[in-house]
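First up is the structure itself, then whatever we jot down about it.
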Amino acid sequence: MIKIAHFGTFDVDNYGDLLFPHIAEFRLPNHDWEHISPTDNITVFKDGKPIISFDKAKNRTYNAVVVGGGNILHLLPNIITVYNNKKGFAYANLWVGAAKIAIKQKIPYLFNAPGISKNFKGYLQKKIATKTFSNSNYVAFREGFSRQIAINIAKVNLNFKNDIAVVPDSAFDIDKLWPLDAKKDSNYITVNLNSRYHSPINDTAKNLDALSEKLKMPIKFIIIGDCHGDRAFTKKVSKLMETKHDILVSDGLKKIAHVIGNGNYFFGSSMHGFITALSYGVPAFLVLRNKPLHKFKGLLELTELKNLVICDSFYVALNSIKEPAILTKNVKLKIESALNRHWENINKIIQNNEKPGFSLYILKFEKLLSLSNKFNRVLNKFKQI
Numbered sequence: 001m002i003k004i005a006h007f008g009t010f011d012v013d014n015y016g017d018l019l020f021p022h023i024a025e026f027r028l029p030n031h032d033w034e035h036i037s038p039t040d041n042i043t044v045f046k047d048g049k050p051i052i053s054f055d056k057a058k059n060r061t062y063n064a065v066v067v068g069g070g071n072i073l074h075l076l077p078n079i080i081t082v083y084n085n086k087k088g089f090a091y092a093n094l095w096v097g098a099a100k101i102a103i104k105q106k107i108p109y110l111f112n113a114p115g116i117s118k119n120f121k122g123y124l125q126k127k128i129a130t131k132t133f134s135n136s137n138y139v140a141f142r143e144g145f146s147r148q149i150a151i152n153i154a155k156v157n158l159n160f161k162n163d164i165a166v167v168p169d170s171a172f173d174i175d176k177l178w179p180l181d182a183k184k185d186s187n188y189i190t191v192n193l194n195s196r197y198h199s200p201i202n203d204t205a206k207n208l209d210a211l212s213e214k215l216k217m218p219i220k221f222i223i224i225g226d227c228h229g230d231r232a233f234t235k236k237v238s239k240l241m242e243t244k245h246d247i248l249v250s251d252g253l254k255k256i257a258h259v260i261g262n263g264n265y266f267f268g269s270s271m272h273g274f275i276t277a278l279s280y281g282v283p284a285f286l287v288l289r290n291k292p293l294h295k296f297k298g299l300l301e302l303t304e305l306k307n308l309v310i311c312d313s314f315y316v317a318l319n320s321i322k323e324p325a326i327l328t329k330n331v332k333l334k335i336e337s338a339l340n341r342h343w344e345n346i347n348k349i350i351q352n353n354e355k356p357g358f359s360l361y362i363l364k365f366e367k368l369l370s371l372s373n374k375f376n377r378v379l380n381k382f383k384q385i
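Take the sequence shown: its letters are residues 1 to 385, numbered as in the UniProt record's numbering.
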């Protein structure tokens with residue numbers, strides 16, 4: 001059986017990231033998938049797939065390497081990420097380190113529609129990123145912004161074996177992965193909260209009360225990303241609310257998906273909560289007080305939705321209630337067709353055992369990134385003089 005090393009942040013309490021192992025196994029069930037993250041931490045989600053740490057994986061043998069999805073493509077040191085208790089470059093390991101494993105073992109490595117979360121800065125970062133993309137067997141991003149970054153940093157033809165693809169986020173398969181038994185007559189609104197987008201608390205609580213009263217439905221809060229402090233923030237908002245609501249014990253991925261799928265509306269800041277709602281045909285709004293990240297804009301482009309479905313408060317969402325995000329039948333068919341082609345491409349390359357390119361920038365990336373960081377620290381000290 002073909003053994004695939006699948007890399008991503010599957011070790012954090014975040015609904016979206018933990019969907020990808022399920023979807024990969026659903027799409028290519030005849031392969032032996034090993035899901036790899038910076039750590040082997042167990043998350044709150046009881047139905048998350050088993051994972052192993054990168055340190056264990058780098059000494060194992062595989063037939064192919066698959067990176068993503070998720071917003072995981074950057075080269076920042078651990079000290080400014082959720083892995084700040086570890087030394088090194090945990091995120092870089094998930095794609096450049098994954099490529100290094102593939103090159104050493106002479107097996108294909110492929111990008112399963114992740115996103116580039118940060119612009120690459122400095123000569124070495126850009127060179128490492130360019131070499132990692134250009135020597136891969138297949139590159140697909142989940143939005144055009146990431147694709148453009150990859151093209152821009154190269155400045156010359158990357159000479160890919162395949163074009164750089166833009167495909168919908170693979171989480172759009174969720175309604176096929178976990179179909180609803182039957183659409184229940186569940187008269188409630190599903191909401192996810194995040195302090196980045198839904199502060200101040202007083203305004204959010206007041207607007208959610210108004211939303212619940214206007215729609216004559218109670219609210220069910222789901223905790224999508226407790227790695228970002230969502231649970232604590234949701235509890236603070238809950239204490240200030242007067243209308244009927246409850247906070248779901250969010251300990252199951254399928255459980256959260258079905259709560260969204262059986263609801264009458266979805267409101268929140270979670271991209272994968274929003275994708276789940278769209279997949280199940282639930283009217284949805286993105287509520288993002290701050291300037292939306294490029295991943296949201298790219299999502300709207302691929303789904304052919306208007307920017308009006310992004311609201312900067314729950315109050316604005318309430319006033320826009322007659323124009324929610326709903327996928328047209330034509331768009332849904334386009335997404336399904338694009339994902340079918342995407343997984344067919346991945347499977348074909350794996351089955352053919354295509355070989356990756358070679359680059360010393362990939363093989364020596366840890367030392368090069370450390371050198372780059374030291375240089376930047378020295379440079380910053382000189383600037384302060």
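Using N, Cα and C, we set each Cβ at its ideal position, and we do this for glycine too.
Would you mind giving the Cβ-Cβ distance between Tyr62 and Ile149, rounded to the nearest angstrom? I have them listed as a contact below 8 angstroms.
Wrong, their Cβ atoms sit about 28 angstroms apart, outside the cutoff.
Pick out whichever of Phe133, Val166 and Pro324 has its Cα sitting closest to the Cα of Leu299.
Residue Val166 is the option with its Cα nearest to Leu299.
Please work out which residues of its chain come closer than 6 angstroms, Cβ to Cβ, to Leu302, disregarding the five sequence neighbours upstream and downstream, and give them in chain order.
Closer than 6 angstroms at Cβ, skipping near neighbours: Pro168.
Tell me whether Lys244 sits in a helix, a strand or coil according to DSSP, three-state version.
Lys244 falls in the coil class under three-state DSSP.
Under a Cβ-count criterion, where at least 16 other Cβ atoms within 10 Å of its own Cβ denotes burial, should Ser359 be classed as buried or exposed?
Under this definition Ser359 is a buried residue.
Out of Leu333, Phe274, Val287 and Thr204, point me to the one whose CA is closest to Cys311's CA.
The candidate whose alpha carbon is nearest that of Cys311 is Val287.
Could you tell me if Tyr91 is buried or exposed, where buried requires 16 or more neighbouring beta carbons within 10 angstroms of its beta carbon?
Under this definition Tyr91 is a buried residue.
By the three-class DSSP mapping on this structure, what secondary structure does Thr132 have?
The answer is helix: DSSP assigns Thr132 an H, G or I state.
Determine contact between the segment 189-197 and the segment 216-229, defined as no fewer than three beta-carbon pairs at a distance below 8 angstroms.
They touch, by the three-pair rule.
Do the CB positions of Ile349 and Asn137 come within less than 8 angstroms of each other?
Contact: yes.
Using CA atoms only, rank isn't needed, just tell me which of Lys244, Ile36 and Gly48 is closest to Lys58.
Ranking Lys244, Ile36 and Gly48 by Cα distance to Lys58 puts Ile36 first.
Per DSSP, what kind of secondary structure is Ile310 in: helix, strand or coil?
Strand, per DSSP.
Less than 8 angstroms between the beta carbons of Phe172 and Ala98, yes or no?
No; because the gap between Cβ atoms is not below 8 angstroms, this pair is not in contact.
What did DSSP end up calling Asn71 once you bin it into helix, strand or coil?
Of the three classes helix, strand and coil, the one that applies to Asn71 here is strand, per DSSP.
With C-beta atoms as the reference, is Phe141 less than 8 angstroms away from Gly70?
Against a cut-off of 8 angstroms, the Cβ pair of Gly70 and Phe141 comes out as no contact.
Drop a sphere of 10 angstroms on the beta-carbon of Arg289, count the other beta-carbons inside from all chains shown, and report buried for 16 or more, exposed for fewer.
Looking at its Cβ environment, which holds 16 or more other Cβ atoms inside 10 Å, Arg289 is buried.
If I'm right that residue 400 touches Ile153 with Cβ under 8 angstroms, what's the distance once you round it to whole angstroms?
Since the first residue of the chain shown is 1 and the last is 385, residue 400 is not available in this structure.
Using a threshold of 8 angstroms, state whether the C-beta atoms of Phe266 and Val282 are closer than that.
In contact: Phe266 and Val282 (Cβ atoms closer than 8 angstroms).
To the nearest angstrom, how far is the alpha carbon of Ala338 from that of Pro179?
Near 20 angstroms, if we compare the C-alpha coordinates of Pro179 and Ala338.
Secondary structure at residue 387, three-state DSSP: helix, strand or coil?
Outside the displayed range of the chain (1 to 385) lies residue 387, so it cannot be described from this structure.
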